[in-house]
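Engineer: In this note's numbering, each residue carries its 1-based index in the sequence shown increased by 117. Cβ coordinates follow ideal geometry from the N, Cα and C atoms, glycine included. Predicted model, so just to flag it, every value in this text is computed and none were measured. Handing you this structure, nothing more for now.
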Amino acid sequence: MLDLAAFSLDDYATVLELAQRFRAMPVAGARKLPALQGRLMTSLFFEPSTRTRSSFELAAKRLSADVQSFSPSSSSLSKGESLLDTARTYVAMGANVLVVRHQCAGVPQGLARDLDQAGEGVAVLNAGDGLHSHPSQGLLDLFTLARHFNPQSPTPEALRGKRIVIVGDVLHSRVARSNLWALTACGAHVVLCGPPTLLPEAFAEFVVAPPPGQATDPVAERGTVTVVRSLDQALPGADAVMTLRLQKERMRQHLLTSLDQYHRQYGLTHQRLALCSPGVPVLHPGPVNRGVEMAGALLDDPNLSLVEEQVRNGIPIRMALLYLLAA
Ligand code: NCD
Numbered sequence: 118m119l120d121l122a123a124f125s126l127d128d129y130a131t132v133l134e135l136a137q138r139f140r141a142m143p144v145a146g147a148r149k150l151p152a153l154q155g156r157l158m159t160s161l162f163f164e165p166s167t168r169t170r171s172s173f174e175l176a177a178k179r180l181s182a183d184v185q186s187f188s189p190s191s192s193s194l195s196k197g198e199s200l201l202d203t204a205r206t207y208v209a210m211g212a213n214v215l216v217v218r219h220q221c222a223g224v225p226q227g228l229a230r231d232l233d234q235a236g237e238g239v240a241v242l243n244a245g246d247g248l249h250s251h252p253s254q255g256l257l258d259l260f261t262l263a264r265h266f267n268p269q270s271p272t273p274e275a276l277r278g279k280r281i282v283i284v285g286d287v288l289h290s291r292v293a294r295s296n297l298w299a300l301t302a303c304g305a306h307v308v309l310c311g312p313p314t315l316l317p318e319a320f321a322e323f324v325v326a327p328p329p330g331q332a333t334d335p336v337a338e339r340g341t342v343t344v345v346r347s348l349d350q351a352l353p354g355a356d357a358v359m360t361l362r363l364q365k366e367r368m369r370q371h372l373l374t375s376l377d378q379y380h381r382q383y384g385l386t387h388q389r390l391a392l393c394s395p396g397v398p399v400l401h402p403g404p405v406n407r408g409v410e411m412a413g414a415l416l417d418d419p420n421l422s423l424v425e426e427q428v429r430n431g432i433p434i435r436m437a438l439l440y441l442l443a444a
């Protein structure tokens with residue numbers, strides 16, 4: 118599970134349907150599902166994480182898997198052991214699924230290829246690689262939107278024809294890239310909004326057919342992607358608005374004049390959101406810089422903010438992925 122560019126509509130439907138079933142299961146007092154009993158999930162995170170790592174681990178536990186995690190700073194990487202040898206060490210301990218996050222694009226893919234070549238029967242799940250891809254986040258965002266538009270039947274069709282605005286630091290966001298594949302696959306029209314330094318014009322052409330490295334596009338007809346510079350022009354007509362964190366740790370040059378100015382131009386507030394129809398929801402993958410990409414009051418508004426709902430939905434989505442890969 119490396120990249121959503123390879124997902125067909127059936128793949129999205131399968132994941133959403135399973136997630137909907139897992140989400141309906143009572144948690145308190147319920148027995149865990151035995152689906153992954155005797156299976157071992159190992160998380161290899163080379164970058165900080167609050168939500169992704171914890172929800173993968175919780176998802177694995179709810180399916181009765183054993184869970185093991187690795188921290189780079191206290192590992193033998195510091196003694197010169199390679200990433201592949203580190204991964205193979207965990208496979209030798211019995212790992213069935215490796216959940217991998219790395220600051221460099223392509224690491225989970227390279228690891229999956231090398232482990233295949235070494236004949237190791239282990240699944241690799243990409244939990245975020247550099248700027249490239251964050252498939253489980255793309256899927257949980259899709260699930261959250263599908264549930265918002267059609268709570269009874271959150272299928273990919275729930276997104277067809279919807280206008281989804283993604284605003285902010287698109288350039289540094291693997292979440293935006295995964296959302297672009299997922300949302301266009303389901304027939305949504307994505308409007309990207311941000312300053313030229315954080316949203317190059319070329320993003321309008323980001324979704325290509327066939328996707329890079331693939332012979333064909335598994336999706337017959339995709340929604341569109343457009344770039345709009347002014348938030349006030351992007352918002353009217355939106356069905357949902359997603360904002361992204363300014364990824365300062367990935368910015369090499371001075372891409373912004375000031376955080377204040379950024380907030381004035383691209384920050385989401387109640388006042389700004391009034392340009393949309395009443396009740397249009399706001400999403401953010403987290404972690405949020407309050408008062409920068411989004412006003413604190415909007416983040417905390419239970420009528421408009423789906424941010425906690427995204428976190429909740431991350432668990433059944435990751436249960437679905439682990440189930441499909443390891444059951
Ligand atoms: C995102 C990530 O790590 O790519 N967070 C997440 O997984 N929920 C986005 C971010 O760090 O801003």
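Which residue's Cα is closest to the Cα of V184: G330, Q154, A321?
Structural biologist: Of G330, Q154, A321, the residue nearest in Cα terms is Q154.
Engineer: May I ask which residues mark the beginning and end of the beta strand (DSSP E) holding Q185?
Structural biologist: It spans 183–187 - the beta strand (DSSP E) in which Q185 sits, taken as one unbroken run.
Engineer: If Y383 sits next to V284, beta carbons under 8 Å apart, how far is it from one beta carbon to the other, in whole angstroms?
Structural biologist: 6 Å between Cβ atoms; contact.
Engineer: Identify whether N420 lies in helix, strand or coil by the three-state DSSP scheme.
Structural biologist: Looking at N420 - three-state DSSP - the assignment turns out to be coil, as it is neither helix nor strand.
Engineer: Measuring only the C-alpha atoms, how far is L61 from L400?
Structural biologist: In the structure displayed, the chain extends from 118 to 444; residue 61 sits before or after that span and is not available.
Engineer: To the nearest angstrom, how far is it from the Cα of R205 to the Cα of L175?
Structural biologist: For R205 and L175, the distance between alpha carbons rounds to 24 Å.
Engineer: Counting pairs of beta carbons, one from the stretch 355–373 and one from the stretch 392–411, are three or more of them closer than 8 Å?
Structural biologist: Result yes; three or more Cβ-Cβ pairs closer than 8 Å.
Engineer: Whole angstroms are fine: how far does the CA of P329 sit from the CA of D258?
Structural biologist: Distance between the alpha carbons of D258 and P329: 23 Å.
Engineer: Could you check where the beta strand (DSSP E) with G245 kicks off and where it finishes?
Structural biologist: It spans 240–246 - the beta strand (DSSP E) in which G245 sits, taken as one unbroken run.
Engineer: Kindly indicate the opening and closing residues of the beta strand (DSSP E) around S160.
Structural biologist: Looking at the DSSP string, the run of the beta strand (DSSP E) that includes S160 is 157–162.
Engineer: Look at the alpha carbon of R130 and the alpha carbon of P395, and state the distance between them as a whole number of angstroms.
Structural biologist: First, the amino acid is wrong: residue 130 is Ala here, not Arg. One C-alpha to the other measures close to 29 Å.
Engineer: Reducing DSSP to helix, strand and coil, say where V68 ends up.
Structural biologist: Here the chain has residues from 118 to 444 only, and residue 68 is not among them.
Engineer: From H251 to V216, what does the alpha carbon distance come to, in whole angstroms?
Structural biologist: Looking at the two C-alpha atoms, the distance is approximately 12 Å.
Engineer: Would you check if there are 3 or more beta carbon pairs closer than 8 Å linking the stretch 255–273 to the stretch 427–436?
Structural biologist: As far as the Cβ criterion goes, the stretch 255–273 touches the stretch 427–436, which means the pair count is three or higher.
Engineer: Can you say whether A122 is buried or exposed, counting buried as having 16 or more other CB atoms within 10 angstroms of its CB?
Structural biologist: Answer is buried; the Cβ neighbour count reaches 16.
Engineer: Is the stretch 292–304 close to the stretch 124–141, with three or more CB pairs under 8 Å?
Structural biologist: Contact holds: three or more Cβ-Cβ distances are below 8 Å.
Engineer: If you drop the 5 nearest sequence neighbours on each side, which residues of the same chain put their C-beta closer than 7 Å to that of D334?
Structural biologist: Hits under 7 Å: A326, P327, P328.
Engineer: How big is the Cα-Cα spacing for V208 and E237?
Structural biologist: Taking the straight line from one Cα to the other gives about 8 Å.
Engineer: Apart from the five residues on each side of it in sequence, which residues of its chain come closer than 7 Å, Cβ to Cβ, to T386?
Structural biologist: Correct list, in chain order: A412, L415.
Engineer: Which residues share a DSSP beta bridge with T343?
Structural biologist: T343 is bridged to V308.
Engineer: Taking only heavy atoms of ligand 1 into account, decide whether any of them is closer than 6 Å to the Cβ of V282.
Structural biologist: Checking the Cβ of V282 against ligand 1 gives no.
Engineer: What are the start and end residues of each continuous alpha helix (DSSP H) run of 4 or more residues lying completely inside the stretch 184–232, in chain order?
Structural biologist: Runs found: 200–209.
Engineer: What is the rounded straight-line gap between the Cα of L135 and the Cα of A437?
Structural biologist: If I take the Cα positions, the gap works out to 6 Å.
Engineer: Does ligand 1 have a heavy atom nearer than 6 Å to the CB of G403?
Structural biologist: For ligand 1, at least one heavy atom lies less than 6 Å from the Cβ of G403.
Engineer: Note down, in chain order, each residue of its chain lying with its Cβ closer than 6 Å to the Cβ of A235, except the 5 sequence neighbours on either side.
Structural biologist: For A235, where only same-chain residues beyond five positions count, there are no Cβ hits under 6 Å.
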